[in-house]
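S.K.: I have a structure here, written as structure tokens, and I will follow up with some questions on it.
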Amino acid sequence: MIWDCRNSVHRLSGLFGLTFFFLLMCLCSYKPTKINWRPVLWGFLLQFIFGIIVLRWEWGASRFIELSDMAMIMLDFTYNGTDFTYGFLSSPPNICGMEAVVAFRFLQVIIYVGALVSVLYFYGIIQAVLKRLAWLMQFTMGTTATESLNACGCVLLGNAESPMLIRPYIEKMTNSELHAIMTTGFSCIAGSVFAVFISFGACPRYLLSAAVMGAPAL
Numbered sequence: 001m002i003w004d005c006r007n008s009v010h011r012l013s014g015l016f017g018l019t020f021f022f023l024l025m026c027l028c029s030y031k032p033t034k035i036n037w038r039p040v041l042w043g044f045l046l047q048f049i050f051g052i053i054v055l056r057w058e059w060g061a062s063r064f065i066e067l068s069d070m071a072m073i074m075l076d077f078t079y080n081g082t083d084f085t086y087g088f089l090s091s092p093p094n095i096c097g098m099e100a101v102v103a104f105r106f107l108q109v110i111i112y113v114g115a116l117v118s119v120l121y122f123y124g125i126i127q128a129v130l131k132r133l134a135w136l137m138q139f140t141m142g143t144t145a146t147e148s149l150n151a152c153g154c155v156l157l158g159n160a161e162s163p164m165l166i167r168p169y170i171e172k173m174t175n176s177e178l179h180a181i182m183t184t185g186f187s188c189i190a191g192s193v194f195a196v197f198i199s200f201g202a203c204p205r206y207l208l209s210a211a212v213m214g215a216p217a218l
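Counting in UniProt numbering, the sequence shown runs from 1 upward without gaps.
See the structure below:
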């Protein structure tokens with residue numbers, strides 16, 4: 001990281017921001033002397049490792065590029081369907097600066113991705129993937145199974161859907177666990193909104209990288 005920033009110091013601004021929020025959370029902690037440093041340190045370490053894999057390691061970067069291409073293909077399916085159904089309302093001609101109607105272009109992406117995630121959840125595919133990621137976070141960071149599963153679920157599902165994975169245990173959670181769940185939910189991007197960002201022109205690879213790297217940090 002230091003080598004990459006040798007010619008442009010402004011690239012360290014993200015590190016300064018991370019340090020600021022870390023110190024702010026310590027100051028706002030109810031009992032700062034009893035902070036469990038294991039999940040904090042392991043969270044930073046896992047985030048750094050995931051960043052190396054998806055951004056620096058050639059094999060990992062190529063896999064994420066393939067995932068990005070698959071995401072774009074998925075969006076093409078949505079656009080083909082909306083163009084066939086709504087015609088010029090979703091894909092207007094390039095005349096006088098006409099733009100697509102949001103309700104008939106981008107909101108359809110949310111409906112499509114939401115339905116796709118629901119189908120994968122119904123057949124247990126999402127749960128199988130999330131349980132493996134949650135086990136890794138629980139083993140390294142020492143967080144509870146519910147916290148880990150919710151954090152991994154937020155990467156794919158979002159704030160409203162991921163707590164459904166741990167619904168039977170919410171009543172017995174401590175204030176610390178509930179705070180972690182709420183913080184995780186407000187710090188992630190729902191899968192359906194993720195697709196909308198791609199349709200707006202955001203780079204799929206960077207969005208996927210941010211989602212994966214954000215899981216341990218959450």
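Here a beta-carbon is modelled for each residue, glycine too, at the ideal position from N, C-alpha and C.
Because the structure is a prediction, the values reported are computed rather than measured.
1. Taking the straight line between their C-alpha atoms, what separation do you get for residue 110 and residue 117?
2. Please classify residue 171: does DSSP put it in a helix, a strand, or coil?
3. Using a Cβ-Cβ cutoff of less than 7 Å, which residues in the same chain neighbour residue 151 once the five nearest sequence positions on both sides are dropped?
4. Round the Cβ separation of residue 82 and residue 105 to the nearest angstrom and send it over; I've been treating them as touching at under 8 Å.
5. Does the ligand SAM have a heavy atom nearer than 8 Å to the CB of residue 171?
6. To the nearest angstrom, report how far apart residue 147 and residue 114 are at their CA atoms.
7. Taking 8 Å as the cut-off, does the stretch 152-172 touch the stretch 49-61 (at least 3 CB pairs, one atom from each stretch)?
8. Kindly indicate which three-state DSSP category residue 188 falls into: helix, strand or coil?
9. Whose C-alpha, out of 89, 74 and 30, is nearest the C-alpha of residue 175?
10. Report, in whole angstroms, the separation of the C-beta atoms of residue 149 and residue 130, which I expect to be a contact under 8 Å.
11. From what residue to what residue does the alpha helix (DSSP H) around residue 126 run?
12. State buried or exposed for residue 200, treating a residue as buried only when at least 16 other CB atoms are found within 10 Å of its CB.
13. For residue 38 versus residue 124, is the C-beta spacing smaller than 9 Å?
14. For residue 72, collect the residues of the same chain with a Cβ closer than 6 Å to its Cβ; drop the 5 residues on either side in sequence, then sort them by chain order.
15. What residues in its chain sit with their C-beta under 7 Å from that of residue 61, if we drop five residues either side in the sequence?
16. To the nearest angstrom, how far is the alpha carbon of residue 43 from that of residue 89?
17. To the nearest angstrom, how far is the alpha carbon of residue 28 from that of residue 204?
M.R.: Working from what's here:
1. 11 Å
2. Looking at residue 171 - three-state DSSP - the assignment turns out to be helix.
3. 137, 184, 215 and 218
4. 6 Å
5. Looking at this structure, you won't find the ligand SAM or any other ligand, since it has none at all.
6. Our two residues, residue 147 and residue 114, have alpha carbons roughly 23 Å apart in a direct line.
7. no
8. coil
9. 30
10. 6 Å
11. In the DSSP annotation of this structure, the continuous segment of the alpha helix (DSSP H) that includes residue 126 starts and ends at 125-141.
12. exposed
13. no
14. none
15. 54 and 55
16. Per the coordinates, the alpha-carbon of residue 43 lies some 45 Å from the alpha-carbon of residue 89.
17. 35 Å
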